[in-house]
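As structure tokens, the structure follows; a few thoughts come after it.
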Ligand code: PEP
Ligand code: MN
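Residue numbers (the numbering used here): 58 to 394.
Structure representation (structure tokens):
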């Protein structure tokens, strides 16, 4: 259920309704809105308690929410969510997040951070902990990688997006990063999602490589229901029979997510295609389809990258891609950031 307060309901009335919800044995989730406040209710199985809430001062209506992902749903939060992060506003405009797949060493990360900052990019991606298919592949530098990311941020001011692989390292990663990335393989790692629900940093939740939209949005609901309201969704391609690309980048998910949810949705055309030559076209398509931004792999020397070199743009190609996005953004009246 969802309690919709009157446009002029007072703070005290909102608190009284939240208390009543607790008395009923449920959990209230206050959702402030531009026009009015709503209070999502979780823990209930049906409309029990609806009448008691309806008669409370300041209450406009108590409606049933028809989907399982209540806090993620547009039914409970009609306006798009916007998060100010490192000088960008994710959810408003088109935000570029770029950087190498992995943190490899200090020199290349500083080079990448300086290049991206000069291009106006405000958030840099790079993994210190890498979930690799093979146990023999480069697994990331771990804590040394985090130190390098902190240094790149300190020297250039660029914000950091890096992956958190497990509950054990969550606090350490949270200390350094501006956005906690959850990879495709961990989308349904519920202990990790629960842990991040109490994190103070936004979470970038990649779609599982075989996840339906319901499974994805319910994974996001784990994070919101624990109190962390800042979740950014990221489509990175799913498994299909098609083998001309590494994954099948499901751009149709953009309007679907926009219809069902208020959460921002980014596109990762690098993992979505697996080939750097296809990345610019899919980036422009993502912008045209209404995505809130991109997560793109960019490397100073792709042929010698320790992971995902084949799908990483070099600096020149990245510049060309940015230049090709600008006129499109102008036509669409979307601000590139
Ligand atoms: C990554 O972003 O480098 C990564 C490992 O992504 P995914 O979880 O989508 O495979
Ligand atoms: Mn990668």
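Just so it is clear, CB atoms sit at the ideal spot from N, CA and C, and this is done for glycine as well. Treat the numbers as computed from the prediction; the structure is a model and nothing was measured.
Going by DSSP, name the residue or residues bridged to residue i.
i: residue 85; result: 98
i: residue 155; result: 181 and 353
i: residue 217; result: 181
i: residue 118; result: 61
i: residue 141; result: 146
i: residue 320; result: Paired residues: none, contrary to the question.
Go through its chain and collect everything with a Cβ distance to residue i's Cβ below 8 Å, but skip five positions before and after it.
i: residue 79; result: 85
i: residue 136; result: 90, 91 and 319
i: residue 99; result: 83, 84, 86, 127, 128 and 282
i: residue 71; result: 62, 87, 94, 96 and 115
i: residue 178; result: 153, 154, 155 and 215
How would you label residue i, buried or exposed, when you count the other beta carbons within 10 angstroms and need 16 or more for buried?
i: residue 112; result: exposed
i: residue 390; result: exposed
i: residue 269; result: exposed
i: residue 388; result: exposed
i: residue 267; result: exposed
i: residue 92; result: exposed
i: residue 301; result: exposed
i: residue 373; result: exposed
i: residue 67; result: exposed
i: residue 279; result: buried
i: residue 333; result: buried
i: residue 309; result: exposed
i: residue 287; result: buried
i: residue 368; result: buried
What is the rounded straight-line gap between the Cα of residue i and the Cα of residue j?
i: residue 197; j: residue 186; result: 5 Å
i: residue 228; j: residue 108; result: 43 Å
i: residue 103; j: residue 296; result: 36 Å
i: residue 357; j: residue 238; result: 22 Å
i: residue 87; j: residue 250; result: 21 Å
i: residue 359; j: residue 371; result: 6 Å
i: residue 319; j: residue 129; result: 7 Å
i: residue 175; j: residue 119; result: 51 Å
i: residue 191; j: residue 260; result: 26 Å
i: residue 208; j: residue 165; result: 12 Å
i: residue 81; j: residue 106; result: 7 Å
i: residue 231; j: residue 221; result: 8 Å
i: residue 139; j: residue 285; result: 14 Å
i: residue 314; j: residue 322; result: 7 Å
Tell me which residues share the same chain as residue i and place their Cβ nearer than 7 Å to its Cβ, disregarding the 5 neighbours each side in the sequence.
i: residue 283; result: 251, 254 and 255
i: residue 276; result: 244, 245, 250 and 262
i: residue 167; result: 209 and 212
i: residue 172; result: 372
i: residue 184; result: 158, 159, 160, 197, 219 and 220
Report all residues from its chain with a CB closer than 6 Å to the CB of residue i; omit the five preceding and five following residues, and keep chain order.
i: residue 144; result: 179
>> Any residue with its C-beta under 5 Å from a non-hydrogen atom of the ligand MN counts. Can you list them all in chain order?
In response: Per the CB criterion, closer than 5 Å to any heavy atom of the ligand MN, the qualifying residues run in chain order as 158 and 365.
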